[in-house]
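Going by my numbering, the sequence shown opens with residue 2, and the numbers climb by one from there.
For each residue, glycine too, the CB sits at the ideal point set by N, CA and C.
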Amino acid sequence: MQDTRPEPNLYAPPASEIRAESPAGALQAHTFYVVSIPKFCVLYVATFGGYGLYWFYMHWQRYRHTSGRSETIWPVPRAVFSIFFTHALTERVARVLGPGRRDIHWSPRSLATSYVVLAIAGNILDRLAGGGIGSPTTDLMSIVVLAPAAWVLGEIQSAANHACNDPAGSGNAHFTWANWIWIALGAALWALVIMGLFMPE
């Protein structure tokens, strides 16, 4: 039987192999920073809210990277002075989510305002506690305020995860060795704070 298959073209360019995008590549393509809510809460509380600085930075960095630089965004200042840019962040998350998303119920403006109030209150309490004013009440309150702040930012993060089509944040749900280092440092700081609060002077 005669072979009817066409002969290969020796001058044709090699066909490129199409591969599925890796999870890491997909994570880079996200418009916002993706992280699971449990991981976010652990890191936020363990670092006394310090993780929030990195969190804001990553959101703005991702957004600038994927927005095509259509607007001037400096992630570092927006992270350091987050209280002035929280509303802008939630507005952009809401814009990407689009109207009619019934799978998520949130109020971008209310959440942003709540975080700003909590952040300001936390800073005031820290300054009062540092000056010995109202201790140990101000010390305790500066710690307690971490819980509602984590909840508010967690709600914003949940919306960002939905906007990136990863509602559970599974693309960034596992703790890395760097995460564990920060958790260990945070645990040591927590131990010192607790000892300072309950040990007699």
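- DSSP places T139 within a helical segment (H, G or I) once states are collapsed to three.
- If you check the CB distance, S143 and A160 do not come in under 9 Å.
- Taking C-beta atoms as the reference points, G51 and A151 fail to come closer than 9 Å.
- The residues Y45, S83, A150, L154, in chain order, have a CB closer than 8 Å to that of G53 in the same chain once the five nearest residues on each side in sequence are set aside.
- Between A113 and Y55, the alpha-carbon positions lie close to 17 Å from each other.
- Residue A47 holds the alpha-carbon nearest to the alpha-carbon of L193 among G172, T32, A47.
- Exposed is the label assigned to I105, since fewer than 16 other Cβ atoms lie within 10 Å of its Cβ.
- Under the three-state reduction of DSSP, I184 is assigned to helix.
- Residue burial is scored here from C-beta neighbours: H31 has at least 16 other C-beta atoms within 10 angstroms and is therefore classed as buried.
- In this structure S37 is buried. Its beta-carbon is surrounded by 16 or more other beta-carbon atoms within 10 angstroms.
- The beta carbon of D140 lies closer than 7 Å to those of A130, L198 in the same chain, with the five residues before and after it left out.
- Nearest neighbour of S108 by Cα position, chosen from I182, S136, A169, A95, turns out to be A95.
- Burial is judged here by how many other beta carbons sit within 10 angstroms of a residue's own beta carbon; T87 has at least 16 and is buried.
- When the beta-carbon positions are compared, V35 and N180 stay at least 9 Å from each other.
- When secondary structure is reduced to three states using DSSP, Y55 falls in the helix class.
- Sequence-distant Cβ neighbours of Y58 in its own chain, meaning closer than 7 Å and more than five residues away, are P76, V77, A80.
- If you ignore the 5 residues before and after F176, its C-beta comes within less than 7 Å of the C-beta of K40, all in its own chain and listed in chain order.
- Straight-line measurement puts the Cα of A120 at about 19 Å from the Cα of I134.
- Shown here for L147: same chain residues with a beta carbon closer than 8 Å to its own, the five before and five after excluded, namely Y45, V46, F49, G50, G123 in chain order.
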